[in-house]
Amino acid sequence: MKSMRAALICLFLLCAAPSIPAAVLAGGPGSMTGDAEEGDAMAGALDTIPLPAVPAKGGVSIEEAIWLRRSVRGFSEEIPGADAVSLLLWAAQGITDAKNGLRSAPSAGATYPLEIFLATAGYVARYIPEKHCLVVTMREDARKALAGAAIEQNWFAGAPLVFIFTAVVKRTADRYDERANLYVPIEVGCASENLMLEAAALGLGSVAVGAFSEKEVRKTLRLPKGWDPYLIVPVGVPSK
Ligand SMILES: Cc1cc2nc3c(=O)[nH]c(=O)nc-3n(C[C@H](O)[C@H](O)[C@H](O)COP(=O)(O)O)c2cc1C
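Going by our numbering, the sequence shown opens with residue 48, and the numbers climb by one from there.
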């Protein structure tokens, strides 16, 4: 029911709101401020960013991507384009079986508790797998606050793309009770590794950042009640 509602709102936004050109994925300082209310992830949604379609095949094998992946903590100022953003989000949580609504990463009972946010220089947005689009929730640069929340790991305050893996544990707990507390972090691991391998395949650097204050990240992203942050993954072109 909730996902149906989110899909309907996203569809409405796609029709009603002006879409943001791909170049804006880079982000520039915004003027509007999101005002999400607890319990309603779509409250304060400001705009949608449609993402380019994902090609059926890439040029790098899974083995090459695994060989290539290494934690990167220094990024150049070059901003990955819309195609890269699209592939990274799709790899993490994109729909790969439209008929059955199944996604790129496994999920216990296909309960899909994960919600992925992207923070750039200009906005924070939430990924909507069903529409393969981003919904802007805040028009501001949250990266410095996120790095501060990650015990001052300020090296990622300038990373062009900062992905935040959050989860609504209740979706899984409704079916699996306390096992959800195990299943959800496993799913975060599956989805984030997909994203990091995709980054490697695209020649981008990434790193899993788990050391942060949940409370501060929740506050920075204005997460609705019951949405918990699990992992931050900064991505960018590795600095020389
Ligand atoms: C759950 C988890 C949390 C991590 N947290 C951080 C972190 O807060 N900061 C950081 O710089 N690296 C973090 N790392 C990255 C590890 O330091 C890194 O994966 C490890 O040194 C191995 O290097 P590699 O990723 O290049 O193989 C984390 C990795 C994992 C899996």
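The C-beta atom is built at its ideal place from N, Cα and C for all residues, glycine as well.
If you're wondering where the values come from, they're calculated on a predicted model, not measured in any experiment.
{"Query": "Use the C-beta contact count for A83: other C-beta atoms within 10 angstroms, 16 or more gives buried, fewer gives exposed.", "Result": "Because A83 carries a pLDDT of 35, less than 50, the predicted location of this residue cannot be relied on, and the following value inherits that uncertainty. Buried: at least 16 other Cβ atoms inside 10 Å."}
{"Query": "Contact defined as beta carbons within less than 8 Å: I believe F210 pairs with L251. What is the distance between those atoms, to the nearest angstrom?", "Result": "Not confirmed; about 12 Å, so no contact."}
{"Query": "Mind listing which residues have their beta carbon within less than 5 Å of any non-hydrogen atom of ligand 1? Chain order is fine.", "Result": "R117, S118, A255, V256, G257, A258"}
{"Query": "When the Cα atoms are used, what is the spatial distance from G25 to K287?", "Result": "The chain is shown from 48 up to 287; residue 25 falls before or after that span and cannot be answered."}
{"Query": "Please classify P292: is it buried, with 16 or more other beta-carbons within 10 angstroms of its beta-carbon, or exposed?", "Result": "Since the first residue shown for the chain is 48 and the last is 287, residue 292 is missing from the structure and cannot be characterised."}
{"Query": "Label R222 either buried or exposed according to how many other C-beta atoms from any shown protein chain fall within 10 Å of its C-beta, with 16 as the threshold for buried.", "Result": "exposed"}
{"Query": "Kindly list the residues whose CB is nearer than 6 Å to the CB of S260, restricted to its own chain and excluding five residues on each side of it in sequence; keep chain order.", "Result": "A196"}
{"Query": "Using the C-alpha atoms, what's the distance from K104 back to G283?", "Result": "22 Å"}
{"Query": "Grouping DSSP H, G and I as helix and E and B as strand, with all else coil, what is P97?", "Result": "strand"}
{"Query": "CA-CA distance, R226 and E124?", "Result": "42 Å"}
{"Query": "Just to confirm the assignment, what range does the beta strand (DSSP E) spanning V171 have?", "Result": "171-175"}
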